[in-house]
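Each remark here refers to the structure printed beneath this line.
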Amino acid sequence: MPGVELFQEERNLASVLAFLSSISNNPNHVSAVSILEDVTTGSLNLLIAINKAKFDDGNHILQQLKDRFEDIFAQLSQAPYSIDSNVEDAVFAAIISMCFKRILCRLRFTNSYIKASRQPITLLLQKAMALRSVKPFFNFMERSRDVIKFVESWRKQETPDELGSLVRSIQHLSKISGFQDVIESISNHEMDPSSKKSLLNGVRKVARYFEAARFLCNLSKKHPSIQRLRFILVKPPSNAFGETSTALCTSTLSSMIARIASLHGLQWNADRICHILGTNEIEAGSRFINQTNTILLEAKIHAAIQLILHCETNKFTPQPRVICASKDACFLCNAFILTH
Ligand SMILES: [Zn+2]
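Residue numbers for the sequence shown follow our numbering, so the first one is 422 and each next one is one higher.
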């Protein structure tokens, strides 16, 4: 395919753009992207979709995604033959602008939609610094001090530039040799495992914003055709959103367990499962029906499925080879894609 010849590069590009597409802190706004080659024009299109329970759900986020992606790629195309550090800075600034709210949430400077008042990543870093302030950890300490310095600057001004500098310093920290080992060498007694995991995860994800800018610039140097990437918003037709029946849950816990057990040749029965869970069949049965109804009432057409529907309906040739979502695919989407 023109521009992006290698499957791995196409996969990396989709993965980076799916990561950047997570601009909202609302867990309902899960997005997915897919790269589609238009053989008639030779152009590359990025198809973008968002989880929807109703026809109009998330349309404002979809439009923002298109506008902001266009801003990023406009920076790449302004100097198509000299992708240098100025271009990289401009692309990075456009990424910070696009993902500003999400980065603050990943740093835990603002509360997430579902989990309130978590310790900021940089506070966890300061705790790790207090535990690893001796000589073998010189590089870790030096880069961590830089991060804390940029946190202080951010606190004073809270501008996109300050946030960009902080993200850059976190990326530098993530690149020191053995960063993960330093954090994992802290005993569980000194720092609880979930804090260590959050710190590593937070640093890795925030660093990725800077790495995304570098990746897009490098790919653009190699394949200038990606500078002309077009962004297409995909929405399922209104008749895809059928009315949900009020009589939702038609099975019981024991009938569901019997069905799964017989499908997989398992010796399961409701009695034993309730015993293990420390509950009884009446209570578990009622919770099963409530939970199933909640899931059915809140059911969404997942973004990856919308993209597949769009491509199947339009019978594109060739069909896209990669679909990436802003979070891991759910069990059913994954199973559907694997068997597709
Ligand atoms: Zn799914």
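Just so you know, even glycine gets a beta-carbon here, dropped at the ideal spot from N, CA and C.
| message | At the level of alpha carbons, what is the spacing between V508 and D492? | response | Taking the first residue of the sequence shown as position 1, residue 508 is located at position 87. Taking the first residue of the sequence shown as position 1, residue 492 is located at position 71. For V508 and D492, the distance between alpha carbons rounds to 12 angstroms.
| Three-way DSSP call (helix, strand, coil) for L654 in this model | Position 233 of the sequence shown, counted from the start, is the residue given in the question as residue 654. L654: strand per DSSP, three-state reduction.
| message | Below 6 angstroms, is the gap between the Cβ of C732 and the nearest heavy atom of ligand 1? | response | Indexing the sequence shown from 1 puts residue 732 at position 311. Every heavy atom of ligand 1 is 6 angstroms or more from the Cβ of C732, so no.
| alpha helix (DSSP H) containing I524: first to last residue? | For the purposes of this step, residue 524 is identified with residue 103 of the sequence shown, where counting begins at 1. 506-527 is the span of the alpha helix (DSSP H), which, as asked, contains I524.
| request: Please state whether DSSP places I722 in a helix, a strand or coil. | output: As a position in the sequence shown, residue 722 is number 301, starting the count at 1. Three-state result, I722: strand.
| Residue range of the alpha helix (DSSP H) that S443 falls in? | Looking up residue 443 in the sequence shown gives position 22. Note, S443: premise wrong, no alpha helix (DSSP H); not H, not E.
| request: Check whether the Cβ of H723 sits closer than 6 angstroms to any heavy atom of ligand 1, and report yes or no. | output: As a working note, residue 723 is residue 302 in the sequence shown. Correct: H723 has its Cβ closer than 6 angstroms to ligand 1.
| query | Which value, in whole angstroms, describes the spacing of the CA atoms of H761 and F440? | reply | By one-based count along the sequence shown, residue 761 stands at place 340. By one-based count along the sequence shown, residue 440 stands at place 19. Taking the straight line from one Cα to the other gives about 24 angstroms.
| In whole angstroms, what is the alpha-carbon distance linking E733 and P741? | Translated into positions along the sequence shown, residue 733 becomes position 312. Translated into positions along the sequence shown, residue 741 becomes position 320. Taking the straight line joining both Cα atoms gives about 10 angstroms.
| said: Which residues does DSSP list as the beta-bridge partners of K473? | reply: Here residue 473 corresponds to residue number 52 of the sequence shown, with the count starting at 1. Partner(s): I722.
| said: Could you give the first and the last residue of the continuous alpha helix (DSSP H) run that contains E632? | reply: Along the sequence shown, read from residue 1 onward, the residue named residue 632 stands at position 211. Element bounds for E632: 614-643.
| Shortest alpha-carbon distance to A511 belongs to which of K656, A634, G706, F600? | Residue 511 sits at position 90 when you count from the first residue of the sequence shown. When each option's Cα is compared against that of A511, the closest is A634.
| task | Go ahead and pull the three-state DSSP assignment for C751. | result | Counting from one through the sequence shown, the residue named residue 751 turns up at place 330. Of the three classes helix, strand and coil, the one that applies to C751 here is coil, per DSSP.
| task | Give the straight-line distance between the Cα atoms of L434 and V454, rounded to the nearest whole angstrom. | result | For the purposes of this step, residue 434 is taken as residue 13 along the sequence shown, with counting starting at 1. For the purposes of this step, residue 454 is taken as residue 33 along the sequence shown, with counting starting at 1. Approximately 10 angstroms between the Cα atoms of the pair.
| task | With DSSP as the reference, please indicate the residues paired to S464 in a beta bridge. | result | For the purposes of this step, residue 464 is taken as residue 43 along the sequence shown, with counting starting at 1. In DSSP, S464 forms a bridge with D459.
| query | Using the rule of at least 16 other Cβ atoms within 10 Å of the residue's Cβ for burial, across every protein chain shown, is A551 buried or exposed? | reply | Taking the sequence shown and counting its residues from 1, one reaches residue 551 at position 130. That one is exposed.
| Cβ neighbour criterion (16 or more within 10 Å) applied to W575 | Taking the first residue of the sequence shown as position 1, residue 575 is located at position 154. That one is buried.
| task | Express the C-alpha separation of I744 and S672 in angstroms, rounding to a whole number. | result | Along the sequence shown, one-based indexing puts residue 672 at 251. Along the sequence shown, one-based indexing puts residue 744 at 323. Each residue's alpha carbon lies about 33 angstroms from the other.
| Does DSSP put I591 in a helix, in a strand, or in coil? | Counted from its first residue, the sequence shown places residue 591 at position 170. In the structure shown, I591 sits in a helix (DSSP, three-state: H, G or I).
| query | Using the C-alpha atoms, what's the distance from E458 back to V624? | reply | The sequence position of residue 624 within the sequence shown is 203, counting from 1. The sequence position of residue 458 within the sequence shown is 37, counting from 1. Their Cα atoms are separated by approximately 34 angstroms.
| Is the beta carbon of C526 sitting closer than 7 angstroms to the one on I444? | Along the sequence shown, read from residue 1 onward, the residue named residue 526 stands at position 105. Along the sequence shown, read from residue 1 onward, the residue named residue 444 stands at position 23. No, these two residues do not count as a Cβ contact at 7 angstroms.
| field | Through-space distance from S598 to V451, alpha-carbon basis | value | Here residue 451 refers to the residue found at position 30 when the sequence shown is read from its first residue. Here residue 598 refers to the residue found at position 177 when the sequence shown is read from its first residue. Rounded to whole angstroms, V451 to S598 spans 33 angstroms at the Cα level.
| request: For S530, I'd like the list of residues in its chain whose CB is within less than 7 angstroms of its CB, leaving aside the five on either flank, ordered along the chain. | output: Start at 1 with the first residue of the sequence shown, and residue 530 comes out as number 109. A quick correction: the sequence has Phe, not Ser, at residue 530. So the list reads P541, once near-sequence residues are dropped.
| Per-residue burial, K736 [other beta carbons within 10 Å of its own, 16 or more giving buried] | For the purposes of this step, residue 736 is identified with residue 315 of the sequence shown, where counting begins at 1. With fewer than 16 Cβ atoms within 10 Å of its Cβ, K736 is classed as exposed.
| query | With distances taken from CA atoms, which of L528, F494, Y502, F600 is nearest A514? | reply | Within the sequence shown, numbered from 1, the residue matching residue 514 stands at position 93. Answer by Cα proximity: F494.
| said: Let me check you understand the geometry: is the CB of C751 closer than 6 angstroms to at least one non-hydrogen atom of ligand 1? | reply: Within the sequence shown, the letter at position 330 stands for residue 751. For ligand 1, at least one heavy atom lies less than 6 angstroms from the Cβ of C751.
| task | Can you check DSSP and say which residues form a bridge with C745? | result | The residue you call residue 745 lines up with position 324 of the sequence shown. Paired residue(s): V454.
| Host alpha helix (DSSP H) of R649 (start-end) | Working through the sequence shown from its first residue, we reach residue 649 at position 228. First-last for R649: undefined, no H or E at that position.
| query | At a cut-off of 6 angstroms, is C745 close to ligand 1 when judged by its beta-carbon and the heavy atoms of the ligand? | reply | Locating residue 745 in the sequence shown gives position 324, counting from the first residue. No.
| task | May I have the straight-line CA-CA distance separating G663 from F571, to the nearest angstrom? | result | If you number the sequence shown from 1, residue 663 lands on position 242. If you number the sequence shown from 1, residue 571 lands on position 150. The straight-line gap from Cα to Cα measures roughly 50 angstroms.
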